[in-house]
Amino acid sequence: MVSRTIPVDPFDLVIFGGTGDLARRKILPGLFRRFCAGQMPANARIIGAARSELDSDGYREMIREAIAEFGGAQAQDNPDLEPFLEQLEYVAIDAKGTGGWEELAKIMEGTDRIEAYYFSVGPSLFGDLAERLQKYGMADKRARIVVEKPFGRDLETARALNATLAEYFNEDQIYRIDHYLGKETVQNLMAVRFGNMLFEPLWNSQYVDHIQITVAETVGVGGRGEYYDKSGAMRDMVQNHLMQLLCLIAMEPPAQFAPDAVRDEKLKVIRALDPVPPHHVVRGQYEAEPGNEEENPSYRDAVNDPRSRTESFIALRAQVSNWRWAGTPFYLRTGKRMVARSSEITVVFKDTPHSIFGDEAGRHRNVLSIRLQPNEGITLGVTIKEPGPGGMRLIDVPLDMSFAEALNPDDIEHVDAYERLIMDVIRGNQTLFMRGDEVEAAWAWTDPIIEGWQSRNDVPKPYDHGSAGPTASAEMLRREGREWRHVTP
Ligand code: BG6
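Residue 463 in numbering that gives the first Met the number 0 is what sits at position 464 of the sequence shown, and the numbering runs on without skipping anything.
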């Protein structure tokens with residue numbers, strides 16, 4: 000494979016929460032892959048910072064194990080592992096106190112490299128970390144901070160977080176991660192829309208009947224019950240990941256592929272969203288797998304609350320009220336313990352204005368489907384004549400562009416969302432990160448929906464393990480003469 004990797008400039012990356020789940024599963028294995036690809040310079044430093052009393056050798060051991068477990072095939076017996084681990088250091092730190100901060104400041108002192116601080120911790124610590132970075136002289140103009148979701152749990156808390164961070168950092172120093180924006184096909188969405196003449200003229204309510212965005216997962220809440228039960232699918236997935244997908248599908252062409260140009264257009268979409276009435280939302284909670292209740296318990300058992308009213312599934316109908324999209328609904332759906340892991344965006348075009356083939360030819364519509372995961376690819380359904388004798392019978396066939404088949408697999412360099420985004424932080428490119436006003440606008444749309452459930456004491460509908468969600472979700476589309484795409488792996 001010819002690598003197109005361009006090494007980034009020397010950097011120091013401090014990971015607060017460096018012993019946590021995200022750091023071990025995603026951040027460090029991702030950095031290791033960038034190291035192997037030659038993108039991470041040999042003098043870059045990664046400094047883990049967390050509460051545990053470890054020394055740098057202990058931390059290296061921990062990360063060695065994490066990379067073996069989560070780093071995939073490439074990580075096994077890889078001669079690059081030792082030199083990579085050499086670039087790791089560790090500082091035991093007290094985020095709310097004074098312990099470890101002077102030591103960290105000393106490590107970071109007197110270099111002129113890029114400095115990035117990854118807040119891989121709960122949002123309740125963001126303010127403490129920012130304040131201490133400033134107090135100990137690390138919050139200068141060179142510093143970049145990376146913050147993880149959840150970015151608040153409503154508009155008020157998101158505003159407060161933005162205000163706290165703004166006390167110490169400028170907006171162009173803050174990188175709010177939504178890892179969906181780092182996914183290959185999500186970026187491809189922009190390439191397809193704005194790199195081709197074919198689609199854009201049809202990309203509006205005159206030609207598009209409706210759009211579906213599905214992010215289906217087979218996993219349950221697992222060990223994250225405590226966090227998840229306070230969030231639910233709306234806060235965990237819709238307010239951020241699905242909202243970002245909707246923005247990229249619905250936005251006007253930005254003048255350039257540049258951070259503020261793209262984010263300005265996304266913001267306009269969020270601000271054009273109508274409030275969602277109760278009959279345009281379906282919430283669900285998964286049931287246990289019959290006969291396997293121990294391993295795959297019901298949502299309520301998984302979170303240890305027999306009366307929990309948190310949704311593990313949500314389907315809703317959103318409406319973007321602007322010239323381009325008035326009258327074209329956007330159906331959003333996401334859930335856990337569904338029938339397959341499948342994320343897909345589907346653009347369903349309108350019927351032809353008149354069928355010259357008569358009623359018996361049936362109804363045929365072009366459908367553009369963009370698969371995010373697994374099996375990334377794009378399929379365009381076109382209507383053709385069924386081959387052979389017997390008159391004019393029409394069938395829909397896919398014009399399929401599976402990336403794995405269309406491109407030589409040996410030529411594709413797979414870059415995980417986190418790897419790409421961290422390298423963007425180092426490069427100083429904010430295009431794929433959420434701006435503060437975007438996050439607030441997304442909460443402003445989400446809050447009234449959640450408040451409505453609370454005031455109505457709304458109870459999510461149960462749905463079967465391994466299904467497509469509650470039947471009411473299919474019913475919501477059926478009422479409008481439409482149907483969801485099948486959730487297939
Ligand atoms: C996270 C959510 O942001 O995204 C999880 O908190 C969810 O609940 C995950 O499982 C899905 O990400 P991916 O990349 O596996 O689709």
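Think of the CB as a built atom: it goes at the ideal place given N, C-alpha and C, for glycine as much as any other residue.
Taking C-beta to C-beta, are ARG340 and THR445 nearer than 8 Å? no
Just how far apart, CA to CA, sit LEU180 and GLY389? 48 Å
Run through DSSP, which three-state label would TYR58 get? helix
Cβ-based burial, PHE10 [other Cβ within 10 Å; buried from 16]: buried
Does the Cβ-Cβ distance between ASN321 and ALA271 come in under 8 Å? yes
Provide the residue(s) that pair with MET337 in DSSP beta bridges, ordered along the chain. SER466
Does the beta-carbon of GLY283 have 16 or more other beta-carbons within 10 angstroms, so that it is buried, or is it exposed? buried
Secondary structure at GLU64, three-state DSSP: helix, strand or coil? helix
Can you name the start and end residues of the beta strand (DSSP E) that GLN205 belongs to? No beta strand (DSSP E) holds GLN205; DSSP gives it neither H nor E.
Measure the C-alpha to C-alpha separation of PRO149 and PRO122 and round it to an integer number of angstroms. 7 Å
In the DSSP output, which residue or residues are listed as bridge partners for ASP395? THR382
Could you check where the beta strand (DSSP E) with PHE15 kicks off and where it finishes? 10-15
Three-state secondary structure (DSSP) at PHE348? strand
Neighbourhood of ALA257 by C-beta distance below 8 Å, restricted to the same chain and skipping five residues each side: THR430
Where do the ends of the alpha helix (DSSP H) carrying GLU264 lie? 258-270
Leaving out five residues on either side along the sequence, give the residues of the same chain with a beta carbon under 6 Å from the beta carbon of ASP208. VAL347, LYS349
Hey, TRP442 and GLY231: beta-carbon distance below 8 Å or not? no
Keeping to the same chain, check which residues put their C-beta closer than 6 Å to that of CYS35; ignore five residues upstream and five downstream. ASP79
Checking 8 Å against the spacing of the C-beta atoms, do GLN73 and ARG32 come in under that value? yes
Quick check: the segment 459-472 against the segment 261-279, are there 3 or more CB pairs under 8 Å? no
Rounded separation between ASN169 and LYS265 - CA only: 21 Å
Considering only their Cβ atoms, is the gap separating LEU132 from TYR116 smaller than 8 Å? yes
Could you please give the first and the last residue of the uninterrupted beta strand (DSSP E) stretch that includes ARG175? 173-175
Say whether the segment 226-243 touches the segment 371-378, bearing in mind that this needs 3 or more beta-carbon pairs closer than 8 Å, one atom from each stretch. no
With ARG192 as the anchor, note down where its alpha helix (DSSP H) starts and where it stops. 183-194
Indicate whether ALA317 and LEU201 have their beta-carbon atoms separated by less than 8 Å. no
Across the segment 44-60 and the segment 82-95, are there enough close Cβ pairs to call them in contact, namely three or more that are closer than 8 Å? yes
Beta-carbon within less than 8 Å of LEU398's beta-carbon, same chain only, minus the 5 sequence neighbours each way: which residues are those? THR378, LEU379, GLY380, VAL381
Quick one: what does DSSP say GLU81 is sitting in, helix, strand or coil? helix
The segment 159-179 / the segment 139-147 touching (three or more Cβ pairs under 8 Å): yes
Just how far apart, CA to CA, sit ARG223 and LEU53? 25 Å
Starting from TYR167, trace the alpha helix (DSSP H) in both directions and tell me its first and last residue. 154-167
Within 10 angstroms of the Cβ of TYR226, are there 16 or more other Cβ atoms? Answer buried if so, exposed if not. exposed
Among THR487, MET236, ARG426, which one has its Cα closest to the Cα of ILE5? ARG426
Measure the C-alpha to C-alpha separation of ALA287 and PRO296 and round it to an integer number of angstroms. 4 Å
Is the CB-CB distance between GLU369 and ILE394 below 8 Å? It should be noted that the sequence gives Ile, not Glu, for residue 369. For ILE369 and ILE394, no; Cβs fall outside 8 Å.
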